[in-house]
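In the numbering used here, the protein residues as written are 975 to 1136.
Glycine residues also receive a C-beta, built at the ideal position from the N, C-alpha and C atoms.
All remarks here apply to the structure that follows.
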């Protein structure tokens, strides 16, 4: 029987990405991401619920995250769920669930004094079979020119489902 492990999130970074470089120069970045939903409770009061997600990006995506992402940035993430289990110092079995991202698009807004994210940019992790030695194969760019406009121009419509 076939199965699907796919996660799509749009949210805001809770803090700057923490990047580590492993043996062989492989980069891995981790950051928390918040998604929120609003609803009215039984008494008609507007309520907001925030869910926190642990995001992990590897190789070229980690390098992009390190360079461009900051706390508060809005980002679109596609990836898969991964649950890890471990024993804490008291010997109790613990679990942590994270999203391993394989596609990331930086969205505009939420940037106080930095325009480098204003135009957005779409990045996709290269498959391991076709990854170059630099580790990345991107489907877009996010470098900004001196005027703050994005150097990446894409006239094609988004393939987002909304």
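Boundaries (first-last residue) of the alpha helix (DSSP H) holding residue i
i	result
residue 1038	1033–1042
Check: residue i C-beta below 6 Å from any heavy atom of the ligand SAM
i	result
residue 1012	The ligand SAM is not part of this structure, which contains no ligands at all.
Classification of residue i by the beta-carbon crowding that lies within 10 angstroms, buried from 16 upward
i	result
residue 1013	exposed
residue 985	buried
residue 1027	buried
residue 1055	exposed
residue 1042	buried
residue 996	exposed
residue 976	exposed
residue 978	exposed
residue 1059	exposed
residue 1087	Annotation note: pLDDT 47 at residue 1087 (below 50); position unreliable, coordinate value reported separately. Exposed, because fewer than 16 other Cβ atoms sit within 10 Å of the Cβ of residue 1087.
residue 1031	buried
residue 992	exposed
Where the beta strand (DSSP E) through residue i begins and ends
i	result
residue 1076	1067–1081
residue 1008	1001–1014
Residues bridged to residue i [DSSP beta-bridge criterion]
i	result
residue 993	1003
residue 1048	986, 1081
residue 978	BP columns for residue 978 are empty, so no partner.
residue 1053	981, 1075
residue 1020	1014
Integer Cβ distance of residue i from residue j, believed to fall under 8 Å
i	j	result
residue 1079	residue 1057	Not quite, the Cβ-Cβ distance comes to about 25 Å (not below 8 Å), so this is no contact.
residue 1005	residue 1029	5 Å
Are the segment 1063–1070 and the segment 1033–1044 in contact at 8 Å, needing three or more beta carbon pairs?
As far as the Cβ criterion goes, the segment 1063–1070 does not touch the segment 1033–1044, which means the pair count is below three.
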